[in-house]
Amino acid sequence: MHRTPLRAALAAALLLPLVAACGSDGDKKDAKSSTTLTVLAAASLTDVFKQAGAAYEKDHPGTKVNFSFAGSQELAAQVRQGVPADALVTADTTTMDGLKADTGKPAVIAKNRLTIATAQGDPKGVKGLSDLSRSDLKVVLAAPQVPVGRYSRKVLDQQHVKVKPVSQEPNVRAVLSKVSLGEADAGIVYLTDVAAAKGKVSTVTVPDAQNAVASYPAATLKSSKHTEEAADFVKWLGSDEAQKLLRAAGFQQP
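All residue numbers for the sequence shown refer to the numbering used here, where the first residue is 52 and numbers rise by one.
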């Protein structure tokens with residue numbers, strides 16, 4: 052009977068290293084745990100954001116960034132439908148402003164301008180916006196709901212140029228693809244898209260006086276399950292490192 056307390060004490064002593072070991076394993080698991088952020092981003096950011104994501108992950112080893120690229124209007128629809136995501140970057144302030152109930156305070160991270168993309172070498176001799184009304188040209192534009200489509204129609208209307216597009220695409224990269232594949236003679240895209248095409252299309256400059264400036268706001272989503280990490284990523288997009296990548300890709304300062 053007198054041995055029972057001694058046995059209990061010995062058993063407890065033997066258990067202590069096991070408990071400590073379990074605690075150590077748990078700490079290791081916590082240390083290795085990571086956060087995956089889902090960022091909804093405008094299609095024109097595809098190339099530069101892939102670089103930005105890699106740079107961010109390198110500086111933030113506990114965070115992985117996954118991007119979903121589409122036209123801003125499609126991204127807005129996803130947010131309204133409750134698609135799980137943590138942050139949003141659109142190609143215009145109008146779309147972002149329409150999501151005030153779903154986002155944190157947005158911050159413009161970059162700007163962009165329009166240009167005319169043509170088949171390589173510009174075989175049809177497109178010289179400017181006025182040429183896009185020519186009946187011998189197959190012109191493709193983004194749909195009016197898409198920011199670049201809205202900007203395109205604005206500059207065309209201001210120059211009193213009537214265009215009958217052969218197709219209206221869901222995002223700017225689809226417009227670029229139509230031109231690069233020879234399915235259209237010309238299309239209006241962003242300057243950064245032509246740069247990303249790497250010689251697959253030619254470009255015809257739209258003078259500043261006839262052009263439009265696209266602003267890219269970024270914001271966290273209130274439905275995010277990783278609010279702190281999402282806020283950190285959005286803030287990072289305004290950092291010198293991120294801005295350097297955006298400038299290199301042809302985007303302008305916000």
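Yeah, the Cβ is synthetic: ideal placement off N, Cα and C, and Gly gets one too.
Beta-carbon gap between residue i and residue j smaller than 7 Å
i, j, result
"Ala-136", "Thr-89", "yes"
"Ala-247", "Asp-98", "yes"
"Val-223", "Ser-95", "yes"
"Leu-180", "Gln-210", "yes"
"Ser-253", "Gln-171", "yes"
"Leu-91", "Ser-119", "yes"
"Leu-315", "Tyr-202", "Coverage of the chain is limited to positions 52 through 305, which leaves residue 315 absent and any answer about it impossible."
"Leu-296", "Ala-161", "no"
"Val-140", "Ala-269", "yes"
"Thr-169", "Ala-237", "yes"
DSSP bridge partner residues for residue i (one or two, in chain order)
i, result
"Val-285", "DSSP output for Val-285 lists no bridge partner at all."
"Leu-91", "Ser-119 and Leu-139"
"Ser-275", "Looking at the DSSP assignment, Ser-275 forms no beta bridge with any residue, so it has no partner."
"Leu-192", "Gln-219"
"Thr-243", "Thr-243 is not bridged to any residue."
"Tyr-267", "Ala-161"
"Ser-18", "Absent from the model: residue 18. The displayed extent of the chain is 52 to 305, so no value can be given."
"Gly-238", "Ala-168 and Val-191"
"Gln-303", "Lys-162"
Residue range of the beta strand (DSSP E) that includes residue i
i, result
"Arg-204", "Arg-204 -> not in any beta strand (DSSP E); alpha helix (DSSP H) instead, spanning 198 to 209."
Option in the options with minimal Cα separation from residue i
i, options, result
"Thr-271", "Arg-131, Phe-284 and Phe-118", "Phe-284"
"Ile-167", "Val-206, Lys-273 and Leu-296", "Val-206"
"Lys-213", "Glu-234, Leu-227, Arg-201 and Asp-182", "Asp-182"
"Pro-216", "Gln-209, Val-226 and Lys-273", "Val-226"
"Met-147", "Phe-118, Gly-200 and Glu-125", "Glu-125"
"His-111", "Gly-301, Trp-287 and Gln-304", "Trp-287"
"Ser-231", "Leu-139, Lys-115 and Lys-251", "Lys-251"
"Phe-193", "Ala-235, Ala-300 and Val-140", "Rather than Phe, the amino acid found at residue 193 in this sequence is Ala. Checked all of Ala-235, Ala-300 and Val-140; the closest Cα to Ala-193 is Ala-235."
"Asp-208", "Ser-218, Val-197, Ser-184 and Glu-220", "Ser-184"
"Thr-87", "Ala-128, Ala-138 and Gln-129", "Ala-138"
"Tyr-267", "Gln-132, Pro-305 and Gln-102", "Pro-305"
"Val-245", "Ala-93, Ala-127 and Ala-300", "Ala-300"
"Val-199", "Thr-145, Thr-169 and Ile-239", "Ile-239"
"Lys-276", "Phe-100, Ala-127, Gln-129 and Val-134", "Val-134"
"Gln-132", "Ser-274, Val-197 and Gln-303", "Ser-274"
"Ser-85", "Gln-196, Gly-113, Val-177 and Val-130", "Gly-113"
Host alpha helix (DSSP H) of residue i (start-end)
i, result
"Arg-164", "Careful: Arg-164 lies outside any alpha helix (DSSP H), inside the beta strand (DSSP E) at 158 to 170."
"Thr-145", "144 to 148"
"Val-99", "97 to 110"
**Message:** Whether or not the stretch 285 to 298 and the stretch 89 to 108 are in contact is what I'm after, with contact meaning three or more pairs of Cβ atoms, one per stretch, closer than 8 Å; do they touch?
**Reply:** The stretch 89 to 108, when compared against the stretch 285 to 298, does touch it at the 8 Å Cβ threshold.
**Message:** Would you call the stretch 270 to 280 in contact with the stretch 185 to 205, where contact means no fewer than 3 C-beta pairs closer than 8 Å?
**Reply:** Using a C-beta cut-off of 8 Å, the stretch 270 to 280 makes no contact with the stretch 185 to 205, since fewer than three inter-stretch Cβ pairs fall below that distance.
**Prompt:** So, do the stretch 152 to 163 and the stretch 245 to 259 have three or more beta carbon pairs nearer to each other than 8 Å?
**Reply:** Cβ pair count under 8 Å is below three, so no.
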